[in-house]
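K.L.:
One structure follows; several queries about it will come next.
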Amino acid sequence: MGADMAKPQSKLKGDDVKRLSKQTYFTEKEIKQWHKGFVRDCPNGMLTEIGFQKIYKQFFPQGDPSDFAAYVFKVFDENKDGAIEFHEFIKALSITSRGNLDEKLQWAFKLYDLDGDGFISRQEMESIVSSINRMVGDSVRLSDEDNSPEKRVERIFAMMDKNNDEQLTLEEFKEGAKADPSIVHALSLYEGLAT
Numbered sequence: 001m002g003a004d005m006a007k008p009q010s011k012l013k014g015d016d017v018k019r020l021s022k023q024t025y026f027t028e029k030e031i032k033q034w035h036k037g038f039v040r041d042c043p044n045g046m047l048t049e050i051g052f053q054k055i056y057k058q059f060f061p062q063g064d065p066s067d068f069a070a071y072v073f074k075v076f077d078e079n080k081d082g083a084i085e086f087h088e089f090i091k092a093l094s095i096t097s098r099g100n101l102d103e104k105l106q107w108a109f110k111l112y113d114l115d116g117d118g119f120i121s122r123q124e125m126e127s128i129v130s131s132i133n134r135m136v137g138d139s140v141r142l143s144d145e146d147n148s149p150e151k152r153v154e155r156i157f158a159m160m161d162k163n164n165d166e167q168l169t170l171e172e173f174k175e176g177a178k179a180d181p182s183i184v185h186a187l188s189l190y191e192g193l194a195t
């Protein structure tokens, strides 16, 4: 990425539009439309974590989305500067909304791997699952086998943790998710929540 993309900007240059179109699943016209909305909502060209949480609160007024929004924010904020610039936003949106299954699972893995060590621990997964439960509040009814974060994580780890080392690698995560659609569903209550 060029230095121009790293700076907040309210105007998107033609070569930036072309580059983002090549790097995403969006057309140049769609990128311009998304950028217009992004700048309207974030005139300085940067979306803060507080602003990101406010967006989630609009969609989940019955719950507390602050923790989940913070986790998603960290994945969107690729350069870890504490703000989401438009290029980070559009790339993450492209994967979560139009990416193929492998891309979505890799994105989800980053979300669940809170410490970025390349593994998902039970604690990390319980943190995400608990945050999803707090976010959706009572609006989603869970089956008896998934009615607590611990039960859901136990079921997911029983399915995915092939070598029983109490952590999931990216490959275990992807294979397990592909092998059981109900696991994908259990993991991805965030599906569409990040978009």
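Residue 80 in full-length UniProt numbering sits at position 80 of the sequence shown; the count goes up by one each step and never skips. Just so you know, even glycine gets a beta-carbon here, dropped at the ideal spot from N, CA and C. It should be emphasised that the depicted structure is a prediction, and the values quoted were computed from it without experimental measurement.
Using the DSSP secondary-structure output, state which residues sit across from residue 215 in a beta bridge.
P.N.:
A query on residue 215 cannot be resolved here, the shown segment of the chain reaching from 1 to 195 and no further.
K.L.:
Taking the continuous beta strand (DSSP E) assigned at Thr48, which residues delimit it?
P.N.:
Taken as a continuous stretch (DSSP letters only), the beta strand (DSSP E) holding Thr48 covers Met46 to Thr48.
K.L.:
Just the Cα atoms here: how many angstroms apart are Ala6 and Lys32?
P.N.:
In this prediction, Ala6 scores a pLDDT of 42, lower than 50, which makes its location untrustworthy; no coordinate-derived value is stated.
K.L.:
Buried or exposed, going by whether 16 or more other CB atoms sit within 10 Å of the CB of Asp77?
P.N.:
When all chains shown are included, Asp77 counts as buried.
K.L.:
Measure the alpha-carbon distance for Asp16 versus Ala69 and round it to whole angstroms.
P.N.:
The alpha-carbon atoms of Asp16 and Ala69 are separated by roughly 27 Å.
K.L.:
Kindly indicate which residue of Lys36, Pro43, Arg40 and Ile90 has the alpha-carbon position closest to the one of Lys22.
P.N.:
The residue with the shortest Cα to Cα distance from Lys22 is Ile90.
K.L.:
For Asn133, I'd like the list of residues in its chain whose CB is within less than 7 Å of its CB, leaving aside the five on either flank, ordered along the chain.
P.N.:
The answer, listed in chain order, is Pro149.
K.L.:
To the nearest angstrom, how far is the alpha carbon of Lys110 from that of Asn164?
P.N.:
Computed Cα separation, rounded: 21 Å.
K.L.:
Compare the C-alpha of Lys74 against each of Gln62, Gly14, Leu114 and Lys104 and name the closest.
P.N.:
Per the Cα distances, Leu114.
K.L.:
Where His35 and Ile84 are concerned, what is the direct C-alpha to C-alpha distance, given to the nearest angstrom?
P.N.:
Approximately 13 Å, taken between the alpha carbons.
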